[in-house]
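Working notes, structure below.
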Amino acid sequence: MTLSTYLSMGIGDFLLMRLPKSEFYDDDIGQNKTRKPHMKIKKLSFLAGAIALTLSAIPFAAQANINSSESTVVAQAKRQGKFKRLNLSEEQRTQMQEIKASARAQMREVLTPEQVQKLEAAKASGQRKRGVFRSLNLTDAQKAELKKIRESKKAQFEAILTDEQKQQLQEMRQQYQNRRSQAKGLKGKGKFKRLNLSEEQKTQMQEIKESARAQMREVLTTEQVQKLEAAKASGQRKRGVFRTLNLTDAQKAELKKIRESKKAQFEAILTDEQKQQLQEMRQQYQNRRRNRRQS
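Just so you know, the sequence shown maps onto residues 13 to 307 in my numbering.
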């Protein structure tokens, strides 16, 4: 894929980004938690499901055989769906392509050749763009310029919409915000708050997680561990990095066992009431997922 495609953000996703979003990121290989920039709707719901199903923030490599290019195709299809919802005219589509092309050219002028090469390599390997941007060591001046380009692009996009399309866009934003609010309780710290864990339970869960991390380190090679730690340091999406580790079938099987053991240990320290609440959280996720499929 080219840098032009990589830097290009679908209008549906782009216009929905009224404010920066964040996601709680828990790396089972690392020991600390960091803040991660916003996610697209697809990714947010995917992570919410992973947490609701496992009561942990660890995405495991059991699904590491998913081809990253297939994920890209899916993401592109979803963006196209947003275009259709706005019912853009051919003239509007042409104008938007011109705006995007202009923004790409401006972004190339801001980045160094080395940074451009790194973005292209990241795109080719299926890494998440926003995470890679954080690994570019952008200067404050570059960040400021890129922000101006994004804001200008957004303003130009909205300027060519009709009043009806702007209203529809506002409704789409509100729907997204509502879904995001509902999902907060199913991911990261939110899930723990909803379960009202005692201090003893929190301590026990931390011990279980540390044990799982140690077991994972034993399964992975030194090179694989280093790659995961580097990915976390640069803010890359961990599941995407797992897909690049070339895990053996034996490693995948062992990681799956660790995941299942961790889940069982987590649930074993919950009260009956908390287990019921967890079941309800899972059901809520399944219902939302089913509704999205139907819509």
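Each residue gets a CB set at the ideal place from its N, CA and C atoms; glycine is no exception.
Beta-carbon contacts of residue i that lie in its chain and below 7 Å, excluding the five residues immediately before and after
i, result
"N149", "none"
"I111", "K165, Q168, F169"
"T256", "S137"
"Q236", "L257"
"Q216", "I281"
Limits of the unbroken alpha helix (DSSP H) element including residue i
i, result
"T283", "Note, T283: premise wrong, no alpha helix (DSSP H); not H, not E."
"T106", "102-122"
"S164", "152-171"
"Q236", "234-245"
"R127", "A small correction: the amino acid at residue 127 is Gln; Arg does not occupy that position in the sequence shown. Counting along the chain, the alpha helix (DSSP H) containing Q127 begins and ends at 125-136."
DSSP state of residue i mapped onto helix, strand, coil
i, result
"R229", "helix"
"L267", "helix"
"L257", "coil"
"L290", "helix"
"S147", "coil"
"N303", "helix"
"L181", "helix"
"A62", "Reliability fails at A62, whose pLDDT of 48 lies under 50, so the model's placement of it is uncertain and the value that follows must be treated cautiously. In the structure shown, A62 sits in a helix (DSSP, three-state: H, G or I)."
"L98", "helix"
"D40", "Bear in mind that a pLDDT of 44 at D40, under 50, signals an unreliable position, so the number given afterwards is only what the model happens to contain. Correct three-state label for D40: coil."
"L207", "helix"
Residues near residue i by beta carbon distance below 8 Å, same chain, minus five either side
i, result
"M108", "I23, L100, F169, I172"
"K130", "V144, S147, L148"
6 Å CB neighbourhood of residue i in its chain, flanking five on each side removed
i, result
"K178", "none"
Between the segment 226-234 and the segment 266-279, are three or more C-beta pairs nearer than 8 Å? yes
Quick test of the definition: if touching needs 3 or more C-beta pairs under 8 Å, does the segment 151-165 touch the segment 115-127? yes
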